[in-house]
Amino acid sequence: MKSKLLSILESLRELDTQLIQCMRCGMCQAVCPVYQETGLETDVARGKLSLLDGLLREILKDPIKVKKRLERCLLCGSCQANCPSGVRAVEIFLRARTIVGLYLGIGPLERILLRGVISNPRIFNGFFKLFKIVSKLLFKEAHPSLGTSCSRIPLPVLKDRHIKFQTKPRETKRLRFNTTRPKGHTVAVFVGCVIDKIFPTIKDATLDILLYYGYDVFIPETQACCGIPALSSGDLKSFEALLNKNLEVFSEREFEFIVSSCPTCTWTIKEIWPMFSKNFTSFRDTDIQKLSNRAMDINQFLIANLDLNAIPYARNREDQIVTYHDPCHLRKSLKIWEEPRKLVRTCTNNRLIEMPFSDMCCGMGGTFNIKYYDMSSSIAKKKRDYFKATGANLLTTACPACMFQLHDIFSKNGDNIEILHTIELLSEAISCNGSTG
Ligand code: SF4
Ligand code: SF4
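Just so you know, we're using our numbering here: the sequence shown kicks off at -2 and counts up by one.
Next comes the structure, spelled out in structure tokens:
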């Protein structure tokens, strides 16, 4: 009890030093996707930061209200990227969620999912296999070419969702592993839950490309979730367990880089792990720092290390017009937008057309999509409108969570569109050209 109280007080003290930076200018209003939907000051960063100014008082008065207000946020970082005072709003919101989590405890369903399932990779895999079997009874095909499904019977929890389950293996052949190429660095791959469970083809493409270009690849079988779902639910205990598990499995081999095709995972490893690891005594800061210093987004890694002239373009896609959606954690948190575009331009022979507001959030936001599905969908609809304005029929992006959200909105509207990760496009370009790169 005493240590819980001390943790709350310590976190409140850290929060206070960050909150004074906000000068209440309101520039975050112009870019907040939730505020643009609701027009409520309580939903924008400035409103949330005012609430947090008196967090202890507010928590003692009505902790549920504080929790709910904090949950009405995509953690997209648009406010932070547009803030003239450099307020680290996403970090503040995450910290505030953990304070509320410490005070209120974790709800029973979140406890089962986070501590019972997600924190244990083997149980998580088994749970997902079981879910896939059950889902065959519950869902029917919705959009054959997008591979989505919708519920057979109306269920309030599912609403009118079109869900992407697991991607089928690619029709194009897997790349030949070029064993004659001299080996370069050893690269560890952080797969991430959404890629592992929903888009395994992105994992295949990432692995194929790294092997193709001569890297030694290390993918620990029992790597765990990066921990961001736990942290955004305020569950520091699960976050610590997941961090510990990942530290353990990634210490089994030496490697020069740890790359991920999920920007949320890369951002979490790079920025969130070192930020929050200070709360724990179960591991050393230096071990975390070693991993976070080596973390790179796959697009960034490939552009930094490959000769673009050696990358062919996907001849099978010559008729397609392509556009690109910027994932929030890649563009606003990691400041990476040139690299994925360079890959897309190269792979499509310069057929990339920019979409208006390509960096506008798609509305996914992890648990936000579950708790505020109607608002999440309404934000995604704007993204669809901007996509339509380009006349493109191929939408590329570099984030599996965005892909999940985009599949839903385009499928519900019966659109004739393909959605690919930049890495899938590159793997396809190399594969269909048989180039040696
Ligand atoms: S968070 Fe930044 S942009 Fe928003 S009101 Fe505060 S200082 Fe202004
Ligand atoms: S993180 Fe995104 S949704 Fe949350 S307050 Fe900032 S801009 Fe709005």
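Note that CB positions come from ideal geometry on N, CA and C, so glycine has one too.
Under 6 angstroms: does the beta carbon of residue i sit that close to some heavy atom of ligand 2?
i           : result
residue 222 : no
residue 399 : no
residue 29  : yes
residue 70  : yes
residue 396 : no
residue 75  : yes
If you draw a straight line from the C-alpha of residue i to the C-alpha of residue j, how long is it?
i           : j           : result
residue 387 : residue 417 : 17 angstroms
residue 261 : residue 2   : 30 angstroms
residue 428 : residue 115 : 34 angstroms
residue 70  : residue 397 : 19 angstroms
residue 63  : residue 399 : 27 angstroms
residue 252 : residue 331 : 22 angstroms
residue 14  : residue 359 : 31 angstroms
residue 127 : residue 258 : 26 angstroms
residue 7   : residue 100 : 13 angstroms
residue 143 : residue 155 : 19 angstroms
residue 11  : residue 19  : 15 angstroms
residue 361 : residue 390 : 21 angstroms
residue 34  : residue 376 : 8 angstroms
residue 318 : residue 24  : 35 angstroms
residue 309 : residue 344 : 6 angstroms
residue 381 : residue 323 : 13 angstroms
residue 43  : residue 264 : 23 angstroms
residue 346 : residue 93  : 46 angstroms
residue 426 : residue 213 : 22 angstroms
residue 411 : residue 60  : 42 angstroms
residue 414 : residue 278 : 49 angstroms
residue 113 : residue 353 : 42 angstroms
residue 283 : residue 292 : 14 angstroms
residue 312 : residue 139 : 29 angstroms
residue 198 : residue 145 : 15 angstroms
residue 355 : residue 379 : 11 angstroms
Are there any heavy atoms of ligand 1 lying less than 6 angstroms away from the beta-carbon of residue i, as far as the coordinates show?
i           : result
residue 80  : yes
residue 328 : no
residue 43  : yes
residue 84  : yes
residue 429 : no
residue 25  : yes
residue 20  : yes
Among the options, which has the Cα closest to the Cα of residue i?
i           : options            : result
residue 342 : 352, 191, 321      : 321
residue 5   : 350, 39, 135, 232  : 232
residue 222 : 95, 191, 401       : 191
residue 266 : 276, 290, 46       : 290
residue 78  : 113, 326, 45       : 326
residue 420 : 248, 143, 395, 304 : 395
residue 307 : 151, 423, 150      : 423
residue 86  : 21, 65, 311        : 21
residue 501 : 201, 96, 227, 304  : Look at the range of the chain in this structure, -2 to 434, and you will see that residue 501 is not part of it.
residue 220 : 82, 426, 120, 230  : 120
residue 329 : 275, 73, 277, 134  : 73
residue 109 : 124, 356, 97, 96   : 124
residue 370 : 288, 68, 206       : 68
residue 392 : 348, 150, 195      : 348
residue 117 : 147, 256, 227, 54  : 227
residue 305 : 280, 275, 0, 340   : 340
residue 303 : 55, 56, 209        : 209
residue 89  : 285, 0, 301, 46    : 46
Within 7 angstroms (strictly less), CB to CB, does residue i reach chain B?
i           : result
residue 381 : Within the model displayed, chain B is absent; a lone protein chain is all it includes.
Rounded C-beta distance between residue i and residue j? I'm assuming under 8 angstroms.
i           : j           : result
residue 16  : residue 49  : 6 angstroms
residue 247 : residue 182 : The Cβ separation is near 15 angstroms, so there is no contact.
residue 229 : residue 364 : 6 angstroms
residue 160 : residue 405 : 7 angstroms
Answer yes or no: the CB of residue i versus the heavy atoms of ligand 4, is any distance below 6 angstroms?
i           : result
residue 356 : The model depicted lacks ligand 4 and carries ligand 1 and ligand 2 instead.
Touching by the beta-carbon criterion (3+ pairs, under 8 angstroms), the stretch 326 to 340 and the stretch 286 to 299: yes
Segment contact flag, the stretch 241 to 256 with the stretch 105 to 114, C-beta cutoff 8 angstroms, min 3 pairs: no
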